[in-house]
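S.K.:
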Amino acid sequence: MPRRRRGGQHNRGAAAQPSQNAPRGGRPVSSSAQNPTESNANRGAPPPTNPTLNVTIPAIAITAVEEGTKAQNETPAATGGLERKLELYVSELERAAAMPGPKLWVTVHVAMPAAMLGYKDVDPSDVDIKTLFAQIAAEHQVKIEADDDGSAITVKAANRAKAKEVIASLQKQLLYRPGEENVWSTQLLVHPPKDGKGYFTVVLQSKEGDAGVRPVAKEAKNIKPASPNELAADTTEYKVGLRNILDRTAGFLRHSPNGMRMRVLFGSAVFDEWKKDKPEYNYIEFGRLAHRVGARGTARMINTVGKKAFESLQTRLFARDNGLPQSARDYIDPATEPVYSITMQTKNLLVESVLEPVQVQGRLCENTKSLRQYRIGPLVARQQEKQDRRIEIVTVCPESSHDWAIDIRKVVAPELAEAPAPFQAQALEKCLKFTGKTLAGSFPSISIARHFIENHDIQTVHGKATWTYLLSGLYSLEVTVHHKWNRDTSLPPITSATVTLFSTDWDDEMRAGVIPPRPWNAGFSSQFLKPYPGDAAPGVPSNANDRLSHFLAWVHWIQKALDGVSK
1 MPRRRRGGQH NRGAAAQPSQ NAPRGGRPVS SSAQNPTESN ANRGAPPPTN
51 PTLNVTIPAI AITAVEEGTK AQNETPAATG GLERKLELYV SELERAAAMP
101 GPKLWVTVHV AMPAAMLGYK DVDPSDVDIK TLFAQIAAEH QVKIEADDDG
151 SAITVKAANR AKAKEVIASL QKQLLYRPGE ENVWSTQLLV HPPKDGKGYF
201 TVVLQSKEGD AGVRPVAKEA KNIKPASPNE LAADTTEYKV GLRNILDRTA
251 GFLRHSPNGM RMRVLFGSAV FDEWKKDKPE YNYIEFGRLA HRVGARGTAR
301 MINTVGKKAF ESLQTRLFAR DNGLPQSARD YIDPATEPVY SITMQTKNLL
351 VESVLEPVQV QGRLCENTKS LRQYRIGPLV ARQQEKQDRR IEIVTVCPES
401 SHDWAIDIRK VVAPELAEAP APFQAQALEK CLKFTGKTLA GSFPSISIAR
451 HFIENHDIQT VHGKATWTYL LSGLYSLEVT VHHKWNRDTS LPPITSATVT
501 LFSTDWDDEM RAGVIPPRPW NAGFSSQFLK PYPGDAAPGV PSNANDRLSH
551 FLAWVHWIQK ALDGVSK
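Per our numbering, the sequence shown runs over residues 1 to 567.
#1: Do residue 410 and residue 389 come within 7 Å of each other at the CB atom, strictly closer than that value?
#2: Can you name, in chain order, every residue of its own chain whose Cβ lies under 7 Å from the Cβ of residue 238, other than the five neighbours on each side?
#3: What three-state label does DSSP hand residue 549 in the structure shown?
#4: Using DSSP with H/G/I as helix, E/B as strand and the rest coil, what is residue 144?
#5: In the structure shown, what three-state DSSP assignment does residue 390 receive?
#6: Checking the sheet assignment: what are the DSSP bridge partners for residue 341?
#7: With 16 as the cutoff for other CB atoms within 10 Å, does residue 503 come out buried or exposed?
#8: Determine, using beta carbons only, whether residue 263 and residue 407 come nearer to each other than 7 Å.
#9: Note down, in chain order, each residue of its chain lying with its Cβ closer than 6 Å to the Cβ of residue 23, except the 5 sequence neighbours on either side.
#10: Put residue 251 into one of helix, strand or coil per three-state DSSP.
#11: From 558, 227 and 240, pick the residue whose C-alpha is nearest to that of residue 611; which is it?
#12: From this set, 543, 247, 338 and 550, which residue's C-alpha is nearest residue 441's C-alpha?
#13: Out of curiosity, what's the CA-to-CA distance linking residue 198 and residue 122?
#14: Identify, in the order they occur along the chain, each residue of the same chain with its Cβ nearer than 6 Å to the Cβ of residue 257, setting aside the five sequence neighbours on each side.
#15: Can you tell me whether residue 229 is buried or exposed, with buried defined as 16 or more other CB within 10 angstroms of its CB?
#16: Please list the terminal residues of the continuous beta strand (DSSP E) segment that includes residue 374.
#17: Out of 174, 242, 302 and 335, which has the shortest C-alpha to C-alpha gap to residue 499?
#18: Go to residue 294, then tell me how far its beta strand (DSSP E) extends in each direction, as first and last residue.
#19: Kindly give me the distance between the Cβ atoms of residue 484 and residue 462, rounded to whole angstroms, as I take these residues to be in contact under 8 Å.
#20: Count the CB pairs spanning the region 336-353 and the region 374-381 that are closer than 8 Å, and state whether there are at least three.
#21: Could you check if residue 175 is buried or exposed, using at least 16 other CB atoms within 10 Å of its CB as the buried criterion?
#22: Taking residue 147 as the reference, give the member of 124, 141, 139 and 168 with the closest Cα.
#23: So which of 405, 511 and 204 has the shortest CA-CA distance to residue 277?
#24: Between residue 289 and the rest of its own chain, which residues show a CB-CB distance below 7 Å, the 5 nearest in sequence each way excluded?
#25: Given this structure, state the Cα-to-Cα distance separating residue 431 from residue 480, to the nearest angstrom.
#26: Check whether the region 465-472 and the region 319-333 touch, using three or more Cβ-Cβ pairs below 8 Å as the test.
#27: Is residue 538 helix, strand or coil by DSSP?
#28: Identify, in the order they occur along the chain, each residue of the same chain with its Cβ nearer than 6 Å to the Cβ of residue 235, setting aside the five sequence neighbours on each side.
#29: Have a look at residue 172 and residue 260 and give me their C-alpha separation to the nearest angstrom.
#30: Using a 10 Å radius around the Cβ and a threshold of 16 neighbouring Cβ atoms, would you call residue 392 buried or exposed?
#31: Should residue 400 go down as buried or exposed, given a rule of 16 or more other Cβ atoms within 10 Å for buried?
#32: Could you tell me which of 187, 563, 145 and 271 sits nearest to residue 214, measuring between CA atoms?
#33: Between which two residues does the beta strand (DSSP E) carrying residue 256 extend?
#34: In three-state terms, what does DSSP make of residue 576?
#35: Go ahead and label residue 559 buried or exposed: buried means 16 or more other beta carbons lie within 10 angstroms of its beta carbon, across all protein chains shown.
#36: With respect to the alpha helix (DSSP H) encompassing residue 315, which residues constitute its N-terminal and C-terminal limits?
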């Protein structure tokens, strides 16, 4: 009788025979199982040029049993166990076959020329570069990295076509634009004198508590004002210069990947550089000095106003001044209540909370023990910005007590700036006491326990009372009284005030998450200064075509209100 071949005709035992290189208790899965879409014709093709992939699919451990041995030695129960193991193994292969194949990447290294030779300096730690790379990577589903020295950029994409598309986008976004390095700086203009340039004399006065000086116009006597045509020409010259700076700034900012915030601030322009032996300047000499200190970065704005100026502005707003257009008087609510907030500054964080009035049956509840009329709202913590880059376009007004500036700053995206608060609101509330007194701006006087300040390494405490007035459909005015304490809150605070003109439309147009170039209109005025239908400005009708004049009319009204000038 012929000897029976082990394994039977179907050689079922061979199908389960483990590989010589298989780990103990398991079996490697073939390449066809890793990529079930591969055809038989391609199995003998050379390997792809993509980087080596290590894909591990877990296998069910089984024991190989030869059929002859099974017939002689195994019981039906053992045979059934083997079949169940085989079924599990097959089901695992089917599950692996249903999974998508491994994602292959094409890696491209792009060499960058030296900075300023046609392209920007690619600094991997720069906020602009990191934001730009993150936005392009998210849009195209790729990976982008830069070498530490910025000499090369690595792009990892699913295929060559996608890699080329990303490289083209990077080349476009990283183009160097001449003059861009000077945008994030202070630029100064001089407001034209009311009586003409011929009688204009400026003296530099020391500012209390500051090492710098502020330009102040010297009062002239027995003068003959310039003709109306000359005054109009001076005003036109100033507006042309301002418009050119604004248009050039907007042209650069539309290529910024970061979020930004634009505000109009009022305060004092201070020079840190001047000729010590020259006490007076005529208009031409002062213009040269302003240009020089602006270019050298030795001029700055102190964006605070005094108590008298703050009260003068509040009085005009509460009374809905007759110098305001009727549309603005309709917008302004004289019963506007302030919002009180408290901000604690640690080494790396700003922790802020709104003080919420405690209401009981429609009236403020006062605890006679702690005089607690307010409770601490939810805490919001954010990282302090390490790099406070800003654009300041300052108009120096020597004939006024206040200068003004358009201030544009980069804003860190909320998802990057937000951080967990270092303490709970309940813990702060237990250590915060209201003294029952009020400070300037009706802010409630507070005291925070010394041990709480020290345990959480709080450097300063800021209390704010903020009023927000709607002036028109486009513009709003924010008036804030600030109280600043150091680590000892039992001492009297340092008090100041800020006045800010802004538009919520600006915040939307400068928001983060927009891949440059931003879809802005040509020209700063057409993009940011377009009034709403029916919006008038002081002395400017609602149908005026000059949007810059409409904007400047609001600035000058605020400036005069701060100066206490009636007209």
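Note that CB positions come from ideal geometry on N, CA and C, so glycine has one too.
This one's a predicted model, so the numbers in the text were calculated from it and none came from an experiment.
M.R.: Concretely, from the data shown:
#1: Contact check for residue 389 against residue 410 passes: the beta carbons are separated by less than 7 Å.
#2: Excluding residues within five positions, the ones whose Cβ falls inside 7 Å are 189, 191 and 192.
#3: The answer is helix: DSSP assigns residue 549 an H, G or I state.
#4: Residue 144 falls in the strand class under three-state DSSP.
#5: If DSSP states are grouped into helix, strand and coil, residue 390 belongs with the strands.
#6: Residue pairing by DSSP places residue 341 opposite 354 and 464 in a beta bridge.
#7: Buried.
#8: Between residue 263 and residue 407, the CB-CB gap stays under 7 Å.
#9: Below a pLDDT of 50, predicted positions are generally treated as unreliable, and residue 23, at 42, falls in that range; the measurement from the model is reported next regardless. Hits under 6 Å: none found.
#10: Three-state result, residue 251: helix.
#11: The structure shown does not extend to residue 611, since the chain is modelled only from 1 to 567, so the question has no answer here.
#12: For the residues 543, 247, 338 and 550, the minimum Cα distance to residue 441 belongs to 338.
#13: When rounded, the distance between both Cα atoms is 49 Å.
#14: Within the same chain, and ignoring the five residues on either side of residue 257 in sequence, the residues whose Cβ sits closer than 6 Å to its Cβ are 131, 132, 135 and 516.
#15: Classification of residue 229: exposed, given that the 10 Å Cβ count is below 16.
#16: In the DSSP assignment, residue 374 falls within the beta strand (DSSP E) that extends over 374-376.
#17: Nearest C-alpha to residue 499: 302.
#18: Looking at the DSSP string, residue 294 is not in any beta strand (DSSP E); the run it does join, the alpha helix (DSSP H), is 283-296.
#19: Confirmed, Cβ separation roughly 5 Å.
#20: With the cut-off at 8 Å, the region 336-353 and the region 374-381 touch.
#21: Label assigned to residue 175: exposed.
#22: Of 124, 141, 139 and 168, the residue nearest in Cα terms is 124.
#23: The residue with the shortest Cα to Cα distance from residue 277 is 204.
#24: Taking C-beta separations shorter than 7 Å and ignoring five residues to either side along the sequence, the partners of residue 289 in its chain run 274 and 281, following chain order.
#25: Straight-line Cα distance between these residues: approximately 25 Å.
#26: Yes: at least three Cβ pairs fall under 8 Å.
#27: Note: residue 538 maps to coil in three-state DSSP.
#28: By the criterion of a C-beta distance shorter than 6 Å, residue 235 is surrounded in its chain by 192, once the five residues flanking it on both sides are discounted.
#29: When rounded, the distance between both Cα atoms is 21 Å.
#30: Classification of residue 392: buried, given that the 10 Å Cβ count is 16 or more.
#31: Of the residues assessed, residue 400 falls on the buried side of the cut-off, its CB having 16 or more other CB atoms within 10 angstroms.
#32: The option with the nearest alpha carbon to residue 214 is 271.
#33: Residue 256 -> no beta strand (DSSP E), and no H or E assigned at all.
#34: Absent from the structure is residue 576, since the part of the chain shown begins at 1 and ends at 567.
#35: With a 10 Å radius around the Cβ and a threshold of 16 neighbouring Cβ atoms, residue 559 comes out buried.
#36: Element bounds for residue 315: 307-318.
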